[in-house]
DNA sequence: TATTGTTATACTCTATAACTATA
DNA sequence: TATAGTTATAGAGTATAACAATA
C-alpha cells in the first residue's frame, strides 16, 4: 500500500543485506550485555527468559512454557529445575489433569522477575538515539516483527 | 547535538525497553532462519560465520580470526577443523613466524563463501518495509552500532 | 491411543587451563 | 619469557527418542 518501491532490485537487495548484517551485530551486542547482567543475578540466560514468561497470577503448564520459548518440552525440565532450586518457582500438579505440572512463581520469584525484566528491557545501547529516532526505530522493528514472515510464523 | 530529548525519563525508558525487546525478538527470528539455511549448506552456524570472515586473497592467522569472531583461540581450532574437513580451508604455516598458521580459502571455499554470504545477507524479514523505511532503519541501526557503547567496546 | 513430563543422549557453542612448538 | 595453536575439559543451550503416568 504505502510501499514506494523505487529502488532497483539489486540495490535494494544490497541495502537490505547490509541492514540485516548490522542488525545481527547489534543484536549480538545486546545479547552479550544481557547475558552478563543475567549471570550477575545468578541466572543462566535461558532460565531467566523462562522466568520472564511466567505469570504469578496464572500458573502455566510446562508444555505452554516450552511453546512460548520456542523450544522442546524436554528442555523446560532442566530450566525449571534450576528455577526451583533457586526457590523462584514451584511445580504443582494440575488437579484437573494430573498429567500437567503447572509452574507457580514464588514470592522470591516475583522479586527476581522484576530484576530480570529490568535487564531484558535494558536499553543502554539505544542511548545514542534521540526520542524521535527511538520512536521511529520502534515502529520499524514492530512492522518487521508483525509483517516479517506473514505465513508460517507460528512455531519457528 | 541533534538529540531532541523531550520525553520524560520514565516514558523514554519504557519506550526503549519495548524497542529492545522487539529488537531481540526480530534478531532471534533472523538468526533462526539463517541457522537453518546455513545447515542446508552443510555448515554449522559458527563455522559458516568463520568462513565469512576469511579473505581468499589474504590468509589470516587463526588468532586474528578468533579476534574477529570475538571468541577464544581454542574454539577456532574446531571451527577450522570442520572447514578443512569440508575442503573449504587449508592451514598453512607462516614461513616468517612458524608459530602462526594462516587460513587459506580453497576454490571450493570461495564458492561456499558466496553461498554463505547470500544467507548472511538474506533479508526476507525486511521485505515488508518500503525502500525509504529500509534506508531509515539502516541509518538508525548504524547509529546504534557505532555510538551504542562508546567506551569499552573493544573486545566484549 | 494420545499427551505430559521426564530421562538419556548427542551435538553445538563457548570458556578456562594446561601443553607444544616456536620466538 | 612470551605467544600461537592445540588439547582436554566443562557448562550451557537445544534436539531427538524412549519411558512412566495419566487421560
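Chains as they are written, first to last, in the UniProt record's numbering: chain A, 1 to 156; chain B, 1 to 156. Using N, Cα and C, we set each Cβ at its ideal position, and we do this for glycine too. The model shown is predicted, which means the values in this text are computed figures rather than measured ones.
8 Å Cβ cutoff met for residue i and residue j
i, j, result
"residue 26 of chain A", "residue 145 of chain B", "yes"
"residue 69 of chain B", "residue 93 of chain B", "no"
"residue 23 of chain A", "residue 141 of chain B", "yes"
"residue 46 of chain A", "residue 79 of chain A", "yes"
"residue 111 of chain A", "residue 103 of chain A", "no"
"residue 123 of chain A", "residue 17 of chain B", "yes"
"residue 38 of chain B", "residue 48 of chain B", "yes"
"residue 54 of chain B", "residue 105 of chain B", "yes"
"residue 125 of chain A", "residue 134 of chain A", "no"
"residue 131 of chain A", "residue 12 of chain B", "yes"
"residue 128 of chain A", "residue 143 of chain B", "yes"
Coarse secondary structure for residue i, derived from DSSP in three states
i, result
"residue 40 of chain B", "helix"
"residue 106 of chain A", "coil"
"residue 59 of chain B", "coil"
"residue 6 of chain B", "coil"
"residue 54 of chain B", "coil"
"residue 19 of chain B", "helix"
Exposure label - residue i; buried when at least 16 CB within 10 Å
i, result
"residue 77 of chain A", "exposed"
"residue 114 of chain B", "exposed"
"residue 87 of chain A", "exposed"
"residue 85 of chain B", "exposed"
"residue 107 of chain B", "exposed"
"residue 42 of chain B", "exposed"
"residue 10 of chain A", "exposed"
"residue 97 of chain A", "exposed"
"residue 52 of chain B", "buried"
"residue 40 of chain B", "exposed"
"residue 59 of chain A", "buried"
"residue 66 of chain A", "buried"
Length at least 4, wholly inside the segment 71–150 of chain B: the alpha helix (DSSP H) runs in chain order: Counting only runs of 4 or more, we get 73–85, 107–120 and 131–147.
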